[in-house]
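Engineer:
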Amino acid sequence: MVQAALVKTKPIIEVSNLNLYFGEKQVLKNIQLDVPEKMVTALIGPSGCGKSTLLRTLNRLHDLSPDARITGKVTIDEQDIFHRNTLVNKLRKKVGMVFQKPNPFPKSIYDNVAYGLQINGFPKDKIPQMVEESLRKSYIFDEVKDKLHEPATRLSGGQQQRLCIARTIAVKPEIILMDEPCSALDPLSTLKIEELILELKNDYTIVIVTHNMQQAVRVSDFTAFMYLGELIEFDETHKIFNNPEKQLTENYIKGYFG
Amino acid sequence: MNFKTIFKENPLPATMLLLCTLLVCTFLFLILGEIFSKGLSALSWSFIFDAPKNGMTEGGILPAIVGTLLLTLITTLASLPIGIACAIYLSEYAENNTTTQIIRAAIRNLAGVPSIIYGLFGLALFVQGLQLGTSILSAGLTLGLLSLPYIITTTEEALKTVPQSMREGALALGATQFETIRDIVLPASIPGIATGVILSLSRAAGETAPILFTGAAFYVTGLPGNLFQEFMALPYHLYMLTTQHQSIATVRPLAYGTAAVLILLVFMLNIVAFMIRNKFRNQLK
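For the protein sequence lines, the chains are U and F, in the order given.
Numbering-wise (the working numbering), the first sequence opens with residue 1 and increments by one.
Numbering-wise (the working numbering), the second sequence opens with residue 1 and increments by one.
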């Protein structure tokens, strides 16, 4: 049903036999997926196919939904994330997340980035420098350097999203999960975020959910196509978009449904 | 749409709604006008800073003012920490199942229990059961119980207004649930919490029935010295002057003066709530 992808680099995330239920409803069905390290992997598929659900499994955000039930195994750095000895806050520090709608904290721009550093116990005297570094890496420093202590909510949507990326990379994760990070942004902001993603993949493994197939082509190395809770096909992005193996994938890529 | 076009397009509903609003305002101003026109003559510095004299036909109401302030302080200390903790538990930690639904319904029902019932309960529990006697402590704890349902309900509503995406943002950075609540959720909901808390406390400050049996006294010499003494309070003082005094007609101006002071005190509490709310709202925007 799902072929093993020809991933040459070492997988950092290994998903095997993953099933997820909300109450009685099965949302993810027997997912197998190896996410390669320091690459961008895109998850595509029609609305409700489970791609966001799969993404939120990887940093255990489903812990917040009491009716979510998960079977199967997910390992990150060869560590079982559902093992009872796994500390969920340590996992989430390692696996950062950027959300669909920019969600800066109701704090200053500086504090938005510094917060993650404080709670993760980075040395106090290093924090100002680390905040600046993260803002620079997210290409937002020049726009905010004169108003670091103003509320973050005064920034534009695109700036807020880059601030959220800065906040995520500040705590030095290994993996960044992005849940349709551009869907609430204008084309210019989208372009900036996409450039940023290509820059970030040198240092981080990125898994991005996107509705925009052109975006998947532009930013990702690998693409997984999901449909009705199943992972239909996973391969290098150019293969998925030019020469997919499954008819279902081809129909979706060509816009016959979805 | 401005006022005029609204009236032109919907003359009947707009007029009815305006009349209702005016009716409410009329009664409000009638009450305030009555109290302040008759009470203003009694208001003076000595009325506020003196103790009552000559069987309360002369002098001021300082013990009652201090009593009410101290009582409100005890009420706050008794109800605020428990109320907020309870709201945080219900909103952030508890599963949404039948048990918590029943607890919530019970808390909302408590908010509707007549205050005299709280008075009787306070008498049974604090005055007699815990042997605290008729004292400012018993009365403050009783008022604390009265305020709790309001504080819990309004705090829970305020916590609910914090978007789930804020919580997820903090958790995704590696914050524990406790850190998320302490650093993100609580600060974001302070305006709502402060408003609800101060409104319920100012309501408690004006209550008579719950302190009637638990500690309020008709007359005490001097100010309350410790927590186990009886005390004077503005609403109870007002009640006594209006209904129980031997020469009611003579003390009528003093009663109106007391009412004016009580209203001003509650008004000031509300202004504090307003200022706290604005201060934090501006910080967040």
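Beta carbons are placed, not taken as given, at the ideal position from N, Cα and C, and that holds for glycine.
From a predicted model like this one, the values you see are computed outputs, not experimental measurements.
Consider the Cβ of F:Glu179: report whether some Cβ of chain U lies at a distance smaller than 8 angstroms.
Structural biologist: Within the second sequence, the letter at position 179 stands for residue 179 of chain F. Answer yes: the Cβ-Cβ gap between F:Glu179 and chain U drops below 8 angstroms somewhere.
Engineer: Apply the 10 Å Cβ neighbour rule to F:Arg281 and answer buried if 16 or more other Cβ atoms are within range, or exposed otherwise.
Structural biologist: For the purposes of this step, residue 281 of chain F is taken as the residue at position 281 of the second sequence. When all chains shown are included, F:Arg281 counts as exposed.
Engineer: Quick check on the DSSP output: the beta strand (DSSP E) that includes U:Asp34 runs from which residue to which?
Structural biologist: Translated into the one-based positions of the first sequence, residue 34 of chain U becomes position 34. Lys25 to Pro36 is the extent of the beta strand (DSSP E) around U:Asp34.
Engineer: Can you give me the C-alpha to C-alpha distance between U:Lys192 and U:Thr249, rounded to a whole angstrom?
Structural biologist: For the purposes of this step, residue 192 of chain U is taken as residue 192 along the first sequence, with counting starting at 1. For the purposes of this step, residue 249 of chain U is taken as residue 249 along the first sequence, with counting starting at 1. Answer to the nearest angstrom: the Cα atoms are 29 angstroms apart.
Engineer: So what does U:Pro151 bridge to, in DSSP terms?
Structural biologist: If you number the first sequence from 1, residue 151 of chain U lands on position 151. U:Pro151 pairs with U:Ser108.
Engineer: Note down, in chain order, all residues in the region 102 to 114 of chain U with a beta-carbon under 7 angstroms from any beta-carbon belonging to chain F.
Structural biologist: Answer set for the region 102 to 114 of chain U: Asn103, Phe105 and Pro106.
Engineer: Based on Cα-Cα distance, which residue from F:Leu241, F:Pro114 and F:Gly192 lies nearest to F:Asn278?
Structural biologist: For this step, residue 278 of chain F is matched to residue 278 along the second sequence. Ranking the options by Cα distance to F:Asn278, first place goes to F:Gly192.
Engineer: Give the residues from the region 43 to 61 of chain U that approach chain F closer than 8 angstroms (Cβ to any Cβ), ordered along the chain.
Structural biologist: Residues passing the 8 angstroms Cβ filter: Asn59 and Leu61.
Engineer: Below 7 angstroms between beta carbons is the criterion; list the residues of the region 213 to 235 of chain U that meet it against any residue of chain F, in chain order.
Structural biologist: Flagged: no residues at all.
Engineer: Going straight from the alpha carbon of F:Tyr118 to that of U:Val171, what length do you get?
Structural biologist: Mapped onto the second sequence, residue 118 of chain F falls at position 118. Mapped onto the first sequence, residue 171 of chain U falls at position 171. So the two alpha carbons sit approximately 52 angstroms from each other.
Engineer: Using only CA atoms, which one of F:Ala194, F:Leu40 and F:Phe126 lies nearest to F:Ala273?
Structural biologist: Position 273 of the second sequence holds residue 273 of chain F. Among F:Ala194, F:Leu40 and F:Phe126, the Cα nearest to that of F:Ala273 belongs to F:Ala194.
Engineer: So with Cβ pairs under 8 angstroms, would you call F:Ala172 a contact of chain A?
Structural biologist: In summary, chain A is missing from the structure at hand, where the protein chains are U and F.
Engineer: Out of F:Thr100, F:Ile61, F:Arg108 and F:Arg203, which one is the CA nearest neighbour of F:Phe218?
Structural biologist: The sequence position of residue 218 of chain F within the second sequence is 218, counting from 1. For F:Phe218, the nearest C-alpha among the options comes from F:Ile61.
Engineer: So is F:Ile61 in contact with chain U if we call contact Cβ pairs under 8 angstroms?
Structural biologist: Position 61 of the second sequence, counting from 1, holds the residue named residue 61 of chain F. It does not: the Cβ of F:Ile61 has no partner Cβ on chain U nearer than 8 angstroms.
Engineer: Among F:Ile74, F:Leu12 and F:Phe267, which has the Cα closest to the Cα of F:Ser147?
Structural biologist: Residue 147 of chain F sits at position 147 when you count from the first residue of the second sequence. The residue with the shortest Cα to Cα distance from F:Ser147 is F:Ile74.
Engineer: What distance in whole Å lies between the Cβ atoms of U:Gly23 and U:Asp67, which are believed to be in contact at a cut-off of 8 angstroms?
Structural biologist: Residue 67 of chain U sits at position 67 when you count from the first residue of the first sequence. Residue 23 of chain U sits at position 23 when you count from the first residue of the first sequence. Confirmed, about 5 angstroms.
Engineer: Any contact between the region 180 to 194 of chain U and the region 122 to 134 of chain U? By contact I mean 3 or more CB pairs, one from each, below 8 angstroms.
Structural biologist: Because the criterion of three Cβ pairs below 8 angstroms is not met, the region 180 to 194 of chain U and the region 122 to 134 of chain U do not touch.
Engineer: Can you pull the chain U residues whose beta carbon is under 7 angstroms from the beta carbon of F:Ala64, in chain order?
Structural biologist: On the second sequence, position 64 is the one that residue 64 of chain F refers to. Chain U residues near F:Ala64: none, gap ~42 angstroms exceeds 7 angstroms.
Engineer: Would you say U:Ile119 reaches chain F, if we count a Cβ-Cβ gap shorter than 8 angstroms as a contact?
Structural biologist: Position 119 of the first sequence, counted from the start, is the residue given in the question as residue 119 of chain U. Yes - at least one Cβ of chain F is within 8 angstroms of the one on U:Ile119.
Engineer: Kindly list the residues whose CB is nearer than 7 angstroms to the CB of U:Asn103, restricted to its own chain and excluding five residues on each side of it in sequence; keep chain order.
Structural biologist: By 1-based counting over the first sequence, the position of residue 103 of chain U is 103. Once the five neighbours on either side are set aside, the close Cβ partners of U:Asn103 are Cys164.
Engineer: Please look up how many angstroms separate the CB atoms of F:Ser202 and F:Asn270, rounded, as I've assumed it's under 8 angstroms.
Structural biologist: The count along the second sequence starts at 1 and reaches residue 202 of chain F at position 202. The count along the second sequence starts at 1 and reaches residue 270 of chain F at position 270. Right, the Cβ-Cβ distance comes to about 6 angstroms (below 8 angstroms), so this counts as a contact.
Engineer: Are the CB atoms of U:His149 and U:Tyr110 nearer to each other than 8 angstroms?
Structural biologist: As a first step, residue 149 of chain U must be located in the first sequence, where it is residue number 149. As a first step, residue 110 of chain U must be located in the first sequence, where it is residue number 110. Contact: yes.
Engineer: Quick check: the region 229 to 241 of chain F against the region 65 to 73 of chain F, are at least 3 beta-carbon pairs closer than 8 angstroms?
Structural biologist: Yes, the region 65 to 73 of chain F is in contact with the region 229 to 241 of chain F.
Engineer: Under the three-state reduction of DSSP, which class applies to F:Ala14: helix, strand or coil?
Structural biologist: Against the second sequence, residue 14 of chain F aligns to sequence position 14. If DSSP states are grouped into helix, strand and coil, F:Ala14 belongs with the helices.
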